[in-house]
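A.B. asks: Residue numbers (my numbering): 15 to 301.
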């Protein structure tokens, strides 16, 4: 039995923005359901994250089941047909929310806008089905991803979960604890619409602030300025895990304390500077 869904009023704008993002990135993004192409997506995800003791990040059989269930698998292809990115999201029928399980882009093209095009495709796919919100988790120590999620897409964060997956032994996480921030992306908000059209929510560190805590490297890590908090992530946590696992672990503890304290006090993260500082504000004070 088919279920009739009504598109959100913002669906048309989302489709147009997704098309524009794909053109800018030089890719074609589609909803992928072909069985053999799903095997290619499994291989791509392995090439990005590597294998762990559990196998592929999302095995082919799970991808196949997700597709069969009517959930979203977005795939980006270069003009020659090469798969270069993929994103996977699930949704419970009747809910007004979707959950993004994974999104990744092939090594070497991370700055081409393919990831942005994939997320805009997911946004359009969701709004076409009346789904207004998408959530996912990400590592708070990876400032590049944080800026993409909060400043480029328009998501926000007010929840920190300790060791979400347990210890992770893939190539990127390198046996670190898997603390995660929970991104909430209101797909039809004014901010998300602006971001979808290339108007990123850029934020800059204030010229004057008060240091609250210092990071493991001895530099300021948490600042306060006019009621806004600024929390710094390490510049390259993946390299740091490989070079100095002890300091990487200290960064984990430092940021865990900073975020949990701020969220308990009613703050939420609403943007990230190009240099890796999260902006945390109270919703009543945002403008």
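Here a beta-carbon is modelled for each residue, glycine too, at the ideal position from N, C-alpha and C. None of these values were measured; they are calculated from a predicted model.
For residue 149, which residues does DSSP report across the bridge?
C.D. replies: 113, 198
A.B. asks: Can you tell me the Cα-Cα spacing of residue 251 and residue 233, whole angstroms?
C.D. replies: When the Cα atoms are used, residue 251 and residue 233 turn out to be separated by approximately 16 Å.
A.B. asks: Rounded to a whole number of angstroms, what is the C-alpha to C-alpha distance between residue 167 and residue 146?
C.D. replies: 14 Å
A.B. asks: How many Å lie between residue 164 and residue 171 at the Cα?
C.D. replies: 8 Å
A.B. asks: Could you give the first and the last residue of the continuous beta strand (DSSP E) run that contains residue 86?
C.D. replies: 86 to 91
A.B. asks: Go to residue 170, then tell me how far its alpha helix (DSSP H) extends in each direction, as first and last residue.
C.D. replies: Per DSSP, residue 170 belongs to no alpha helix (DSSP H); it is in the beta strand (DSSP E), 170 to 175.
A.B. asks: Measuring alpha carbon to alpha carbon, tell me which residue in 154, 226, 79 is nearest residue 197.
C.D. replies: 154
A.B. asks: Which residues does DSSP list as the beta-bridge partners of residue 66?
C.D. replies: 69
A.B. asks: Does the structure place the segment 24 to 38 close enough to the segment 99 to 118 that three or more beta carbon pairs sit under 8 Å?
C.D. replies: Taking 8 Å as the limit for Cβ pairs, the verdict is that the segment 24 to 38 does not touch the segment 99 to 118.
A.B. asks: Which stretch, first to last residue, makes up the beta strand (DSSP E) that contains residue 43?
C.D. replies: 42 to 45
A.B. asks: Expressed to the nearest angstrom, what Euclidean distance is found between the alpha-carbon atoms of residue 144 and residue 269?
C.D. replies: Here the alpha carbon of residue 144 sits roughly 36 Å from the alpha carbon of residue 269.
A.B. asks: Where do the N-terminal and C-terminal ends of the beta strand (DSSP E) with residue 238 fall, by residue?
C.D. replies: 234 to 239
A.B. asks: My output table needs one value for residue 282: the three-state DSSP class, helix, strand or coil.
C.D. replies: Strand at residue 282.
A.B. asks: Considering only residues of the same chain and omitting the five flanking positions on each side of residue 284, which have a CB-CB separation below 7 Å?
C.D. replies: 164, 170, 293, 295, 300
A.B. asks: Have a look at 38, 50, 52, 271 and flag the residue whose alpha-carbon is nearest the alpha-carbon of residue 175.
C.D. replies: Shortest Cα-Cα distance from residue 175 to any of 38, 50, 52, 271 involves 271.
A.B. asks: State the beta-bridge partners of residue 291 as determined by DSSP.
C.D. replies: 246
A.B. asks: Within 10 Å of its beta-carbon, does residue 112 have 16 or more other beta-carbons around it, so buried, or fewer, so exposed?
C.D. replies: Its Cβ being crowded by 16 or more others within 10 Å, residue 112 is buried.
A.B. asks: Could you tell me the distance, in whole angstroms, from the CA atom of residue 226 to the CA atom of residue 237?
C.D. replies: 5 Å
A.B. asks: Pick out whichever of 161, 265, 86, 240 has its Cα sitting closest to the Cα of residue 191.
C.D. replies: 265
A.B. asks: Helix, strand or coil: which one does DSSP assign to residue 123?
C.D. replies: coil
A.B. asks: Looking at C-alpha atoms only, which residue of 43, 235, 129 is the closest neighbour of residue 219?
C.D. replies: 235
A.B. asks: I believe residue 194 touches residue 152 by the beta-carbon criterion, under 8 Å. Please report the beta-carbon distance rounded to the nearest angstrom.
C.D. replies: Between residue 194 and residue 152, the beta carbon gap of about 6 Å places them in contact (Cβ cut-off 8 Å).
A.B. asks: Could you check which residue in 126, 37, 105 has the C-alpha nearest to that of residue 141?
C.D. replies: Residue 141 has its Cα closest to that of 105, out of 126, 37, 105.
A.B. asks: Who are residue 302's beta bridge partners in DSSP?
C.D. replies: One cannot answer for residue 302 here, as it falls past the ends of the chain, which runs 15 to 301.
A.B. asks: How should residue 290 be labelled, buried or exposed, when 16 other C-beta atoms within 10 angstroms of its C-beta is the threshold for buried?
C.D. replies: buried
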